[in-house]
Amino acid sequence: MATCDRCGDPVETKNNAGHYRDKCWPCIEEVADEETSHRETCDGPDCLICSTP
Ligand SMILES: [Zn+2]
Ligand SMILES: [Zn+2]
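Each residue of the sequence shown is one higher than the last, beginning at 41 in the working numbering.
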């Protein structure tokens with residue numbers, strides 16, 4: 041059993057390789073939402089988040 045790095049909840053979700061994910065599913069979705077809204081508002085040409093495909 042793993043725990044989420046973000047909220048400390050138990051993580052039961054595994055990735056395709058069979059390893060536990062480092063975050064629980066709600067946190068994975070929240071982080072994805074944050075990245076999406078970041079991309080919509082950020083206009084930094086050298087931003088690491090925005091330059092990640
Ligand atoms: Zn979490
Ligand atoms: Zn950015």
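We treat Cβ as the ideally placed atom computed from N, Cα and C, and that holds for glycine.
Cβ-heavy atom distance, residue i to ligand 2, below 8 Å
i, result
"residue 48", "no"
"residue 79", "yes"
"residue 89", "yes"
Near ligand 1: residue i beta-carbon under 8 Å from a heavy atom
i, result
"residue 85", "no"
"residue 54", "no"
"residue 82", "no"
"residue 93", "no"
Cross-strand partners of residue i (DSSP beta bridge)
i, result
"residue 42", "51"
Beta-carbon separation (whole angstroms), residue i vs residue j, contact threshold 8 Å
i, j, result
"residue 61", "residue 51", "6 Å"
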